[in-house]
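Working notes for the structure below.
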Amino acid sequence: MNQTTANTDFDVIVVGGGTNGLSAGCYLGMEGKKVLIVEALDKVGGMASSGYLIPEAPQHLVHPCALDMMSMRVHAHVPAELELERHGLKWVEVAPGYVYLHPDGTSLIFWRDREKTAAEIRRFSPKDAEAFLEFMKVIDLFLDIALPMMRVDPAKFNLGVKLKMAATAIKHKALKPELMALMTGSARAAARERFEHPVTISAMCALTGLAGDITADGGGIYYALLGFLHHYGVGRVIGGMQQLSNAMQARFEELGGQVLLSASVSEIVAADGKIKGVKLADGRAFSAPVVIAGCHPKPALDMVTAGQIPHYLLTRMAMAPANAKGSGPLKVDVALSGQISVPRYEALRGDGIDLRKTVMLIGTEEAVLENFAACARGEVPKLPYITVAAPSGPDPSQAPAGQDVLYIYPPVMPTNPNEGWDALRDKVADQVLEQLYAYIDGIEGKVIGRHIEAAPDFTRRLNTVNGCVVHIDTTSMRSATMRPAHGLGGDTLPVAGLYLGSAGIHPGGGVNGMAGKLAAKRVSAYLKKAK
């Protein structure tokens with residue numbers, strides 16, 4: 001709830017009430033700190049929100065950004081430590097998690113069980129199935145090395161973690177050449193090196209394209225998505241993603257924290273190299289020796305009192321890559337008067353698996369490449385590369401009985417198209433829907449209403465940069481203390497008491513609360529020293 005508080009003095013103020021801001025607030029609240037979270041929107045959640053956003057369909061629940069809970073399943077200790085189930089969080093695993101739909105009517109399911117996934121691939125190529133199982137050994141090694149570092153502060157020495165990583169690398173030293181090739185090469189190259197069948201290759205390209213340009217050097221790390229899928233599965237929040245954020249808010253307030261909604265910060269106040277508090281656009285002011293920026297790091301640093309952040313760091317931040325290749329997602333949510341189905345694909349499979357409840361990946365290798373190339377030219381792609389799910393499949397409460405709400409996510413659309421999104425928004429949404437007709441039944445003629453957001457809409461609503469939903473592009477050069485940029489990813493900033501705590505810092509994007517937890521730990525250490 002939105003609180004009008006007479007209190008103006010706090011130990012910590014958090015700017016932004018997304019899951020990372022809420023996570024930071026909860027962890028500090030558990031230490032007895034007096035914390036205020038200031039959120040510009042009318043509810044918490046940020047990218048982890050849901051609501052009834054289609055006027056013509058008031059009972060169809062829309063997820064305008066995040067839907068799946070794979071990332072928080074990777075970091076399941078966060079919801080456990082915050083006791084979120086006690087505050088109403090309920091989630092289920094979606095199985096199967098992903099299915100690739102090829103234009104010829106064949107399909108390839110990415111199961112959580114890698115042997116079952118290999119069996120899917122074996123239908124197309126026995127050689128590809130064996131190559132896949134060998135490839136998973138390399139991906140497992142990458143996760144065994146990367147995951148421990150994702151859970152600690154990269155600014156610390158972390159001797160124990162590094163020793164375990166070294167032991168893992170030594171134990172699997174025979175895989176080191178393959179691991180280095182994966183980490184330095186492109187996602188497409190990794191697929192082309194190992195697989196022969198066009199369905200296998202296209203499925204791998206469609207999956208990794210969700211993380212970034214499949215031709216970019218270093219993009220091999222995008223296969224972490226495949227590793228996460230096989231290790232942790234795909235989760236969904238019952239009742240919609242907003243229930244996660246609401247549970248975090250409830251826990252935060254139980255700990256004595258206060259949330260101020262519809263409150264836009266105009267200045268993060270600093271003087272003489274120290275944080276003093278925040279000023280709101282409506283003139284109110286709150287004081288605290290610490291401010292955590294739970295929002296995108298660029299607008300956060302821009303809000304700091306002029307002259308307090310060195311120009312070279314502001315420049316470095318401004319030039320950090322955010323959808324730097326000119327592409328980002330389009331989001332189209334559609335309310336339907338009926339339910340979708342994929343009879344052509346299910347008939348060809350003949351195994352009775354209900355694909356309506358999965359995440360469907362549409363897009364050949366050629367289409368994924370064409371999409372990235374078109375966006376680099378500022379053009380709308382012509383070939384279909386689309387991720388689509390019916391959240392009302394696993395959770396019927398999200399739409400009226402016998403109806404569906406569709407979550408349509410073309411991951412590669414121009415952030416700044418030559419014609420401008422105001423002229424293209426509805427036209428492109430029409431194109432995407434028409435492309436889906438060839439794959440999915442039950443859409444054409446059943447649309448009640450829709451909700452559309454492109455890069456400029458994400459920028460305005462979420463105060464991000466260039467519509468980048470992970471704040472800073474995911475690359476090997478923008479990880480650990482190099483995220484968001486050199487000099488800004490450590491445990492101190494030029495202004496004492498200022499901390500970054502969003503997807504723009506380690507460990508990066510995804511709904512998991514880890515960046516908030518990291519910021520809380522850094523703040524706790526700072527406050528102990530300041531006593």
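Count the sequence shown with the UniProt record's numbering and you get residues 1 to 531, in order. Note that beta-carbon positions come from the ideal geometry of N, C-alpha and C, so glycine has one too. Note that the structure is a prediction, hence the values are computed from the model and not measured.
Taking DSSP as the reference, what is the three-state secondary structure of residue i?
i, result
"V388", "strand"
"Q308", "coil"
"S202", "helix"
"I170", "helix"
"G513", "coil"
"N2", "Since pLDDT at N2 reaches only 45, below the 50 mark, its modelled position is unreliable, and no value is offered."
"H77", "helix"
"S337", "coil"
"S50", "coil"
"Q59", "coil"
"W111", "coil"
"D272", "coil"
"E365", "helix"
"S476", "helix"
"P414", "strand"
"H451", "strand"
Would residue i be called buried (16 or more neighbouring beta carbons within 10 Å of its own) or exposed?
i, result
"E120", "buried"
"residue 536", "Residue 536 is absent from the structure shown; the chain starts at 1 and stops at 531."
"G218", "buried"
"K173", "exposed"
"K298", "buried"
"N101", "The sequence shown places Leu at residue 101, not Asn. Buried, by the Cβ-count rule."
"T459", "buried"
"Y27", "buried"
"L348", "exposed"
"M180", "exposed"
"N418", "exposed"
"G420", "exposed"
When you compare only the Cα positions, how much space is there between residue i and residue j?
i, j, result
"T168", "E178", "15 angstroms"
"V511", "A48", "7 angstroms"
"F135", "G227", "10 angstroms"
"E93", "Y499", "34 angstroms"
"C375", "A211", "15 angstroms"
"T215", "K171", "31 angstroms"
"Y385", "V269", "45 angstroms"
"A40", "D491", "26 angstroms"
"M1", "G45", "The predicted model places M1 with a pLDDT of 41, which falls under 50 and marks its position as unreliable; any figure quoted below should be read in that light. Each residue's Cα considered, the two are about 13 angstroms apart."
"D351", "L225", "26 angstroms"
"Q431", "E31", "52 angstroms"
"N463", "D144", "34 angstroms"
"V78", "A515", "11 angstroms"
"N246", "V62", "16 angstroms"
"K33", "A288", "11 angstroms"
"T415", "D272", "39 angstroms"
"residue 561", "G393", "Lying before the first or after the last residue shown, residue 561 is absent from the chain, which here runs from 1 to 531."
"S476", "K446", "44 angstroms"
"E379", "I452", "18 angstroms"
Could you say which of the options lies nearest to residue i if we only look at CA atoms?
i, options, result
"Y409", "S337, L53, K528, D68", "D68"
"T364", "S262, C205, H231", "C205"
"T481", "F124, A454, F157, P103", "F157"
"A24", "A367, C295, S71", "C295"
"M238", "A324, L89, D430, A281", "The residue you asked about is not Met; residue 238 is Ile in the sequence shown. It is L89 whose Cα lies nearest to the Cα of I238."
"L361", "G18, I340, V99, S287", "V99"
"V465", "M317, G393, R483, P148", "M317"
"A76", "V35, A118, K517, G487", "K517"
"T117", "A454, T387, H230, G489", "H230"
"D404", "G257, G338, R425, Y437", "G338"
"R478", "E115, A324, A520", "A324"
"residue 532", "S264, D153, F142", "Residue 532 lies beyond the stretch modelled for the chain, which goes from 1 to 531, so this question has no answer here."
"T8", "L493, Y27, L36", "L36"
"M165", "A187, P148, V304, V291", "P148"
"G449", "N371, D426, E85, M241", "D426"
"G283", "E254, V265, V290, A187", "V265"
Could you name the residues of the same chain whose beta carbon sits closer than 8 angstroms to that of residue i, not counting the 5 residues immediately before and after it, in chain order?
i, result
"E83", "R251"
"T200", "L108, I121, F124, S125, D128, F132, A191"
Is there a C-beta anywhere in chain D that falls below 7 angstroms from the one on residue i?
i, result
"S186", "Note that chain D does not occur in the displayed structure, where there is just one protein chain."
Spatial neighbours of residue i within its chain, please: CB distance less than 6 angstroms, with the 5 preceding and 5 following residues excluded, ordered by chain position.
i, result
"G235", "M69, R73, W91, E93"
"G257", "G25, G29, V35"
"A335", "I54, A57, H60, V405, I448, G449"
"G185", "G220"
Between residue i and the ligand GDP, is the CB less than 6 angstroms from at least one heavy atom?
i, result
"T305", "The ligand content of the structure shown is nil, which means the ligand GDP is not present either."
Can you give me the Cβ contacts of residue i inside the same chain, cut-off strictly under 7 angstroms, excluding the 5 residues immediately before and after it?
i, result
"A485", "R316, M317, A320"
"V152", "N158, V161"
"K276", "V269, A270, S287"
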